[in-house]
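J.: Before we start, here is the structure in question, set down as structure tokens.
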Amino acid sequence: MTDPQHPLKIPAAWAPVPDHLTPQRDITHAHFRPGEQVVILQGVAGGELWGASMRVVTPSWHTPTDENGWRLRDPDGGERSYVTAHPRYLVHLNRRCPDCLIHLRAMEDSLLPKFTGNTGVVNCGWYEITALNHMIHIGDGRQSR
Ligand SMILES: [Zn+2]
1 MTDPQHPLKI PAAWAPVPDH LTPQRDITHA HFRPGEQVVI LQGVAGGELW
51 GASMRVVTPS WHTPTDENGW RLRDPDGGER SYVTAHPRYL VHLNRRCPDC
101 LIHLRAMEDS LLPKFTGNTG VVNCGWYEIT ALNHMIHIGD GRQSR
């Protein structure tokens, strides 16, 4: 088994691909509620999308985008068990949600064909975490615009 927290070194043929969909995703802050289980997609594993599963804790200002975000608990986060993320980074896991399924399907259509035959784990590196534990999508260029 490959540990998704420690992805293998990526062969050149499986270079990470950019995610242009998440930064443009239109989803409201109120779409999520405390206590819900969500995933933040990070890449591809064994031919499927994979990401970090987290629990929504409480509303929190998302400093990198200057918009309302959500404080999340990552059970595998170690020193970074609590991070703050923008709602558009989150995908519902605890219920079949049409809005989130549309986004998941779009991500699959965009990414999976580029990783056909790859049975390993590819972390595409779409997210960075600031010193204040705010997750920021690298395609979220608002801070530098
Ligand atoms: Zn949803």
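Start counting the sequence shown at 1; every next residue gets the next number (my numbering).
Ideal Cβ placement from N, Cα and C applies to all residues, glycine included.
Remember, it's a predicted structure, so these values are computed and weren't measured experimentally.
How would you label D19, buried or exposed, when you count the other beta carbons within 10 angstroms and need 16 or more for buried?
T.: So D19 counts as buried.
J.: Would you tell me roughly how many angstroms separate the C-alpha atoms of M107 and L21, rounded to the nearest one?
T.: Cα to Cα, the separation comes out at about 7 Å.
J.: According to the Cβ coordinates, are H62 and A30 closer than 8 Å?
T.: No, Cβ-Cβ distance for H62 and A30 is not below 8 Å.
J.: Could you pull the start and end residues of the beta strand (DSSP E) that E128 belongs to?
T.: Y127 to I129 is the span of the beta strand (DSSP E), which, as asked, contains E128.
J.: Answer with buried or exposed for P45, where buried requires no fewer than 16 other C-beta atoms within 10 angstroms of its C-beta.
T.: Note on identity: in this sequence residue 45 is Ala, with Pro being the wrong assignment. By the 10 Å Cβ count, A45 comes out buried.
J.: Could you say which of K114, P16, D99 and A131 lies nearest to I27 if we only look at CA atoms?
T.: Out of K114, P16, D99 and A131, D99 has the C-alpha closest to the C-alpha of I27.
J.: For P64, does the three-state DSSP call read helix, strand or coil?
T.: Coil at P64, not helix or strand.
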